[in-house]
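Engineer: There's a structure below that I have some questions on.
Residue numbers (UniProt numbering): 1 to 98.
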């Protein structure tokens, strides 16, 4: 399954990986004390948390990108890279507009 070299597959991986990282971050940092709604309120009140959450999400995409580049699956890597750029821009926009 992960041996495909496809742009759409890379975009799908690039989209899902940060979501999994975000869920893991929630369960590690916030779960016993905060509900999801409380966590989102906390993030909206503390802009520095947007950076703290987006960095692990983007690092997971960077690891995937590196793996697919090193295995010469360039189309998949391009999809991951494109979604990573979109996530980074969205994180910056959220940080400066909230």
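Cβ coordinates follow ideal geometry from the N, Cα and C atoms, glycine included.
1) So, with DSSP's three-state summary, where would you put residue 71?
2) Spatial neighbours of residue 22 within its chain, please: C-beta separation below 7 Å, excluding the five flanking residues on both sides.
3) Tell me which same chain residues have a C-beta within less than 7 Å of the C-beta of residue 88, skipping the five on either side of it?
4) Thinking C-beta only, is residue 86 closer than 8 Å to residue 65?
5) Excluding five sequence neighbours on each side, which residues of the same chain lie with their C-beta closer than 8 Å to the C-beta of residue 74?
6) Starting from the C-beta of residue 8, find all residues in its chain whose C-beta is less than 8 Å away, skip the five residues before and the five after it, and write them out in chain order.
Structural biologist: In short:
1) coil
2) 53 and 57
3) 58
4) no
5) 5 and 68
6) 79
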